Amino acid sequence: MIKISSKNISRKESITVKFLYANAKERFKLELLSKEVGFEKEIHDQNLHRPGLALAGFFELFSHDRVQIFGNTEMKYLSQLTIAKRAEILSKLFAYNIPCVLITNNNKPYDEILEMSEKYKIPIFGSTHSTTKLSYLISDFLDDQFAPRASIHGSFVDVYGAGMLFVGNSGIGKSEVALDLVERGHRLVADDVVIFTKKGEGILMGSGTELVKHFMEIRGIGIIDVRSMFGIRAIRFQKRLEVVIELEIWDDTSEYTRTGLDDSTITILGVEIPYIKLPIIPGKNITVISEVIALNYLLKHYGYDAAKIFQNKLTTKLKAKRSEVDRVIDYFEHDFE
Amino acid sequence: MVDSCINKKKYLMIEREVEIVNNAGLHTRPAATIVKIAAKYKCEFFIHKDGMNINGKSIIGVMTLAAEKGSKIMLTFDGEDEEKAAEEIIDYFNRGFDEE
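Quick look at the structure:
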């Protein structure tokens with residue numbers, strides 16, 4: 001089974017406010033309200049914080065290292081304070097090392113907020129989204145940024161909608177299988193270096209690297225570009241990982257599943273993924289077998305497990321104690337074709 | 001089924017950090033040479049940089065690292081002929097890929 005060591009796994013420690021703004025500007029309709037200050041500040045936490053209690057003067061356990069969200073409640077509360085009181089509490093709040101402040105619902109920042117932003121170099125952003133919506137969007141973006149990633153050597157292809165990762169030793173023919181699948185109308189996600197990002201609890205999303213995209217190396221030819229060769233239908237940027245197939249030279253001592261009842265799995269970043277060890281022997285069409293694996297996976301996914309159905313039929317027959325071998329149909333009148 | 005090969009293992013694993021010393025960095029030509037050298041040996045060869053652990057026998061993988069001058073990368077050799085492989089490949093890195 002393939003080895004995934006700690007070296008294959010990475011996780012971003014921080015992102016800068018500049019990076020967040022560059023990515024969120026268009027996507028989440030984020031607008032810079034303050035001057036361009038504090039853009040080099042780092043965000044280390046994917047969680048967001050609404051500083052309601054802090055504004056009321058309670059600073060114990062104040063999660064100042066998180067992105068702060070000022071929603072309607074915070075703005076309404078500030079509106080009730082006198083200018084002097086408002087300046088005082090904001091001055092206390094901004095004295096903490098806050099990465100940035102997001103104001104939702106198209107609320108306009110008070111002059112005191114902008115003054116503090118300049119004084120403490122903390123950028124203020126505004127959005128027309130509601131607090132719930134913006135929190136969801138930014139949380140999802142930060143979750144993705146801070147999610148653990150694993151880089152795996154293999155070929156990742158979408159076969160009939162199932163994300164299949166081919167792994168195995170160098171030169172065994174992973175790229176050739178991927179190319180063959182592309183030729184048959186399936187879509188390449190990445191070849192050689194695939195980066196998997198954990199999404200939520202049980203999902204791994206795989207994609208290629210920015211540099212390599214859909215280039216691949218075929219031994220004897222060199223580097224080819226699948227996108228320009230086969231067109232847009234032959235590629236996709238990311239896909240959920242659903243099956244891992246390890247290709248290996250046929251080994252007499254190795255055991256290969258015969259019934260498909262004993263499901264093996266491989267654990268990547270704590271997520272269990274169905275795992276199939278596929279021996280390569282002359283005359284065996286790995287591409288067609290891969291398609292069959294994908295179709296079988298889809299059937300299982302939609303509730304039809306061929307191995308189990310067959311087992312149940314056998315058990316029923318054994319219970320009925322009718323041991324004679326029946327034809328599939330007993331008598332088909334005048335069917336001589 | 002997997003454990004059986006671990007017991008047979010008589011070699012350790014070699015890990016070395018090397019620095020890219022030539023001006024152009026780890027570009028296409030040296031990447032191709034590294035892959036060619038690695039392919040001669042049976043041992044597994046991995047290169048680790050910035051949380052990416054790529055197979056040193058794959059040219060696309062090696063180029064993915066885009067290792068510029070001055071960057072440090074970790075080489076891992078694992079297999080029966082790991083010592084010879086490590087010697088030849090580390091030497092090639094230290095010679096700056098025979099470039100300036």
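In order, the protein sequence lines correspond to chains Z and E. For the first sequence, this note's numbering gives the first residue as 1, with consecutive numbering after it. For the second sequence, this note's numbering gives the first residue as 1, with consecutive numbering after it. A virtual CB, placed ideally from N, CA and C, is assigned to each residue, including glycine. All figures in this text were calculated on a predicted structure; none of them were measured in a lab.
Assigned exposure category for residue i - 16 Cβ within 10 Å defines buried
i, result
"Z/Y256", "exposed"
"Z/E246", "buried"
"Z/G270", "exposed"
"E/R95", "exposed"
"Z/P282", "exposed"
"Z/K277", "buried"
"Z/Y297", "buried"
"Z/T82", "exposed"
"Z/I232", "exposed"
"E/D3", "Any reading at E/D3 needs caution, since the residue's pLDDT is 44, under 50, leaving its predicted position unreliable; the model's value is listed next. Exposed is the call here."
"Z/E112", "buried"
"Z/S358", "In the structure as shown, chain Z starts at 1 and stops at 337, and residue 358 of chain Z therefore has no counterpart that could be examined."
"Z/S79", "exposed"
"Z/H186", "buried"
"Z/G222", "exposed"
"E/I6", "Residue confidence for E/I6 is low, a pLDDT of 48 falling below 50, so the modelled location carries little weight; the figure read from the coordinates is stated next. Classification of E/I6: exposed, given that the 10 Å Cβ count is below 16."
"E/D91", "exposed"
"Z/G171", "exposed"
"Z/M229", "exposed"
"Z/S340", "Residue 340 of chain Z falls outside the range modelled here, since chain Z spans only 1 to 337, and no answer is possible."
"Z/T316", "exposed"
Residues sharing a beta bridge with residue i, DSSP
i, result
"E/E15", "E/T76"
"Z/R149", "Z/S10, Z/T197"
"Z/M164", "Z/V157, Z/V243"
"E/N55", "E/F46"
"Z/K76", "Answer is none; Z/K76 lacks a bridge partner."
"Z/T267", "Z/E272"
"Z/K300", "Answer by DSSP bridge pairing: none, since Z/K300 is not bridged."
"Z/S207", "Z/I195, Z/Q238"
"Z/T16", "Z/E42"
"Z/I218", "Z/G222"
Residue j beta carbon less than 9 Å from that of residue i
i, j, result
"Z/K239", "Z/D158", "yes"
"Z/R66", "Z/L48", "yes"
"Z/I286", "Z/I249", "no"
"Z/T50", "Z/E74", "For clarity, residue 50 of chain Z is Arg in the given sequence; the question names Thr instead. Closer than 9 Å, so yes."
"Z/L188", "Z/S155", "yes"
"Z/T265", "Z/A307", "no"
"Z/D143", "Z/K199", "yes"
"E/R16", "E/F97", "no"
"E/F46", "Z/K7", "yes"
"E/A38", "E/K69", "no"
"Z/P274", "Z/V243", "yes"
"Z/G126", "Z/L30", "yes"
"E/I54", "Z/F215", "no"
"Z/F94", "Z/L20", "no"
"Z/S175", "Z/I218", "yes"
"E/A85", "E/I20", "no"
"E/K42", "E/E80", "yes"
"Z/S290", "Z/V177", "yes"
"Z/F70", "Z/K92", "no"
"Z/I15", "Z/F146", "yes"
"Z/G38", "Z/K121", "yes"
"E/G51", "Z/R11", "yes"
"Z/P109", "Z/V17", "no"
"Z/S272", "Z/G208", "According to the sequence as given, residue 272 of chain Z is Glu; it is not Ser. Not a contact, by the Cβ cut-off of 9 Å."
"E/L26", "E/L65", "yes"
"Z/V167", "Z/I2", "yes"
"Z/T128", "Z/N106", "yes"
"Z/L359", "Z/G206", "The first residue shown for chain Z is 1 and the last is 337, placing residue 359 of chain Z beyond what the model contains."
"Z/P148", "Z/I293", "no"
"Z/I4", "Z/A150", "yes"
"Z/L102", "Z/Q68", "yes"
Under 8 Å by beta carbon: chain Z residues contacting residue i
i, result
"E/A66", "L211"
"E/S58", "H153, S170, D192, V193, E217"
Within chain E, partners of residue i - CB distance below 7 Å
i, result
"Z/S228", "Result: empty, since nearest Cβ-Cβ is about 16 Å, beyond 7 Å."
"Z/K7", "H48, N53"
Closer than 8 Å at the beta carbon, the chain E residues around residue i
i, result
"Z/R149", "G51"
"Z/S10", "D50, G51, M52"
Beta-carbon neighbours of residue i, restricted to chain Z and to distances below 7 Å
i, result
"E/G61", "H153, D192, V193"
Any chain B beta carbon closer than 9 Å to residue i
i, result
"Z/F237", "Protein chains Z and E are contained in the structure displayed, whereas chain B is not."
Under 7 Å (Cβ pairs) to chain Z, residues found in the region 16-28 of chain E = none
Between the region 66-87 of chain E and chain Z, which residues of the former have a C-beta closer than 8 Å to a C-beta of the latter?
-> The residues in question are A66, M74, T76.
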